[in-house]
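To start, the structure itself, in structure tokens.
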Amino acid sequence: MARRTKDDAEKTRKAIIDAAEQVFFAQGVSRSSLEQVARAAKVTRGAVYWHFKNKAELCDAMLKRIFLPQEDMLEKLAAESESPLEDLRSASIHALEMIARDKRRRRVVTILYLRCEYMEEMLGIIRRRNASKARMLSLSEKLFARAKALGRLSPCWDPRRASQALQAMMIGIVVNGLEIGKKSVFTNGASCIEVFFNSLQVRC
Numbered sequence: 191m192a193r194r195t196k197d198d199a200e201k202t203r204k205a206i207i208d209a210a211e212q213v214f215f216a217q218g219v220s221r222s223s224l225e226q227v228a229r230a231a232k233v234t235r236g237a238v239y240w241h242f243k244n245k246a247e248l249c250d251a252m253l254k255r256i257f258l259p260q261e262d263m264l265e266k267l268a269a270e271s272e273s274p275l276e277d278l279r280s281a282s283i284h285a286l287e288m289i290a291r292d293k294r295r296r297r298v299v300t301i302l303y304l305r306c307e308y309m310e311e312m313l314g315i316i317r318r319r320n321a322s323k324a325r326m327l328s329l330s331e332k333l334f335a336r337a338k339a340l341g342r343l344s345p346c347w348d349p350r351r352a353s354q355a356l357q358a359m360m361i362g363i364v365v366n367g368l369e370i371g372k373k374s375v376f377t378n379g380a381s382c383i384e385v386f387f388n389s390l391q392v393r394c
């Protein structure tokens with residue numbers, strides 16, 4: 191019975207996060223209420239508050255479900271990779287391909303960059319976004335540092351500048367693709383990533 195109760199609670203939590211994705215995407219985070227999320231999830235408002243104390247906490251859970259696996263993968267690569275440039279290039283292109291193919295991921299990233307207004311109630315989400323960007327920047331810098339230690343990073347680049355350039359390019363491709371609404375932007379963006387990584391290996 192206890193196991194069933196735990197499973198039911200997890201199913202309810204998942205249904206609430208799924209509903210939040212739909213509601214936040216359609217209306218923007220600030221214009222949405224937990225009451226609307228509850229109706230979309232077909233649960234009571236009390237059920238929503240049982241799992242999430244406020245909208246920011248719900249939004250944070252939605253983001254973690256998408257971004258934590260990617261961050262964890264980069265952390266593993268940063269610690270173990272013997273081909274850091276190749277692995278980071280593959281991870282970057284894979285991230286773009288996932289956004290192009292996966293409607294859920296595209297929805298969540300759209301919410302994060304285009305549907306999350308800078309209002310006081312959303313400060314926690316903005317901090318989460320900034321923390322995620324900082325962590326990804328740090329992990330990619332570690333991979334570039336590994337490449338430098340292995341003699342594979344062009345002297346034209348240092349790890350910090352390379353990681354900053356990669357992050358700026360990735361965010362630019364993603365936001366542009368979401369704003370335009372064409373999957374081809376992500377495909378073309380993957381080609382840009384290829385060219386960028388080729389430049390990292392060129393000797394000046």
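The opening position of the sequence shown corresponds to residue 191 in the numbering used here, with each subsequent residue numbered one higher.
Even glycine gets a Cβ: it sits at the ideal position worked out from N, Cα and C.
Local Cβ density within 10 Å of Lys332, reported as buried at 16 or more and exposed below that
Lys332 should be labelled buried.
Along the chain, where does the alpha helix (DSSP H) that runs through Ser282 open and close?
That run of the alpha helix (DSSP H) goes Pro274 to Arg291.
Could you spell out the range, first to last residue, of the alpha helix (DSSP H) harbouring Leu395?
This structure gives no information on residue 395, because the portion of the chain shown stretches from 191 to 394.
Which term fits Pro349, buried or exposed, when burial requires 16 or more other beta carbons within 10 angstroms of its beta carbon?
Burial call: buried.
Return helix, strand or coil for Met359, following the three-state DSSP convention.
Of the three classes helix, strand and coil, the one that applies to Met359 here is helix, per DSSP.
Residue of Ala205, Leu286 and Ala281 minimising C-alpha distance to Leu248:
In terms of CA proximity to Leu248, Ala205 leads the group Ala205, Leu286 and Ala281.
Count the other CB atoms within 10 Å of the CB of Val385; is the residue buried (16 or more) or exposed (fewer)?
Exposed, by the Cβ-count rule.
Candidates Tyr303, Ser222 and Met263, of which the one nearest Asn244 by Cα:
If we check each option's Cα against that of Asn244, Ser222 comes out closest.
Take Phe157 and list the residues in its own chain whose beta-carbon comes closer than 7 Å to its own, dropping the five residues that flank it on each side.
There is simply no residue 157 to check, as the chain begins at 191 and stops at 394 in what is shown.
Are the Cβ atoms of Leu329 and Glu261 separated by less than 9 Å?
With contacts defined by Cβ atoms closer than 9 Å, Leu329 and Glu261 form a contacting pair.
The region 281 to 295 / the region 376 to 383 touching (three or more Cβ pairs under 8 Å)
Yes, since at least three Cβ pairs between the region 281 to 295 and the region 376 to 383 fall closer than 8 Å, the two stretches touch.
Could you compute how far the alpha carbon of Thr234 sits from the alpha carbon of Val227?
Straight-line measurement puts the Cα of Val227 at about 9 Å from the Cα of Thr234.
Compare the beta carbon distance of Gln391 and Arg336 with 9 Å and say whether it is the shorter of the two.
In this structure, Arg336 does not lie closer than 9 Å to Gln391 by Cβ.
Where Arg203 falls: helix, strand or coil (DSSP)
The three-state secondary structure of Arg203, taken from DSSP, is helix.
Please state if the CB of Ser353 and the CB of Phe257 are separated by a distance shorter than 9 Å.
Their beta carbons are not under 9 Å apart, which means Phe257 does not touch Ser353 by this criterion.
Looking at Glu211 and Ile301, is the spacing between their C-beta atoms short of 9 Å?
Contact: yes.
Can you tell me which of the three DSSP states Cys306 falls into?
In this structure, Cys306 counts as coil in the three-state DSSP scheme.
Which of helix, strand or coil does DSSP assign to Gly371?
In the structure shown, Gly371 sits in coil (DSSP, three-state: anything other than H, G, I, E or B).
Buried or exposed: Lys201, going by 16 or more other Cβ atoms within 10 Å of its Cβ?
Exposed is the call here.
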